[in-house]
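Undergrad:
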Amino acid sequence: MVSVDQPSPALRLVARTHRRLEPLHSHVYFAPETDEQLTAIGIRPGRMVYFAGRAAAMGAVGPGVVTATFGNYAPGIVARHIPRAWTLAAPEQVLAARSAAARASLTRLLADPPAEDVAELADLLREACTVLTPEGRPLYAGHADQPWPEDPLLQVWHGVTLLREHRGDGHVLTLVRHGLSGLEALVTHTLTGRGFTEQAAQATRGWSAEEWAAAVAGLTDRGLVADGALTADGVALRAAVEQETDELSAAPFVHLGAERSERVADLGGRLSARLVANGAYPAGVFASR
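Under the working numbering, the very last position in the sequence shown is 290; numbers go up by exactly one each time.
1. So S106 packs on H28, CB below 8 angstroms; how close in whole Å?
2. Closest to E136 by CA distance: which of L174, V161, G229 is it?
3. Confirm, please, whether the CB-CB distance from E121 to L257 is below 9 angstroms.
4. Mind the definition here: the region 266-276 touches the region 20-35 only if three or more C-beta pairs lie below 8 angstroms; say whether that holds.
5. Can you tell me whether R20 is buried or exposed? The criterion is at least 16 other CB atoms within 10 Å of its CB, across all chains shown.
6. Looking only at its own chain, which residues have a Cβ that is under 7 angstroms from the Cβ of F52, when we skip the five neighbours before and after it?
7. Going by DSSP in three states, V226 sits in which element: helix, strand or coil?
8. Apply the 10 Å Cβ neighbour rule to S293 and answer buried if 16 or more other Cβ atoms are within range, or exposed otherwise.
9. Is DSSP giving L231 helix, strand or coil here?
10. So W158 is in the alpha helix (DSSP H); what residue range does that whole segment cover?
11. Does L176 come within less than 9 angstroms of chain D when only Cβ atoms are used?
12. Which word fits G180, buried or exposed, when buried means at least 16 other C-beta atoms lie within 10 angstroms of its C-beta?
13. Just curious, the alpha helix (DSSP H) that Q147 is in, first and last residue?
14. Would H190 be called buried (16 or more neighbouring beta carbons within 10 Å of its own) or exposed?
15. Output needed for L14: all residues of its chain with C-beta closer than 6 angstroms, excluding positions within five of it in sequence on either side, in chain order.
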């Protein structure tokens, strides 16, 4: 049994703040504006929009880099779209189109939010990001190379994107250290009852039913899964992964301090709640927990 210490109040604040900011970034993957803007420059609708849009900050990278950095996609599904995407539009075009999509979707879903809240959150996020470092964080590093926008709403988008990709890079490192492949990480995460439903995880990440079943069998052999559920060891392993991910993403909020971090969580949570209430995510994609 892997023992996991209870997270400190500071780490709970880190996790809560990241959760409240997450929709301000991730809603763009479901927004019709993203397909509209990227297909207008030649990218094919659907998965290519996602792969090209998120990877463009790293340049015209190949499928291996995308698979490695994104963490839990089937290599075959990535290779269907990358590098072909770069023959249809240059990464610089994709970045500009994605920024326009984020601006449009945030404007629609936030429905005229208080300008002072947006400006305050933008300033706090920019300050939080000053302590982020690129070592071992390729997706973050690519996005950090992009200039900060002048528009406060896009500053919020850019700030939450930097924090999210920095945290995501650290999460992949943690999963590797704990011996979980991308598919195994996806399987165990769905079994926690959080994140994607199993059906949505398989469909969006490109894994076949046979590949999914093989991963479950391997996790069962390791004592992490039994009868379609996480064992005590599996629960402890997932808890250790999440705690370590929080530790690796804590620096921005340590820098801000508890009071300003709570303010980020409050402002971000209110804006995210508006997004969700206005239909940012389709039904049936995420688990109920």
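Backbone N, C-alpha and C fix where the C-beta goes; we use that ideal spot for every residue, glycine too. This structure is a prediction, so every number in the text was calculated from the model and none was measured.
TA: Looking at the coordinates:
1. 6 angstroms
2. L174
3. no
4. yes
5. exposed
6. Around F52: V67, V79, H82, I83, A86.
7. strand
8. Within the shown structure, residues of the chain are numbered from 2 to 290, placing residue 293 beyond reach of any answer.
9. strand
10. 153-178
11. Any reference to chain D falls outside this structure, which holds one protein chain only.
12. Label assigned to G180: exposed.
13. Counting along the chain, Q147 falls outside any alpha helix (DSSP H), and DSSP gives it neither H nor E.
14. buried
15. Within the same chain, and ignoring the five residues on either side of L14 in sequence, the residues whose Cβ sits closer than 6 angstroms to its Cβ are S262.
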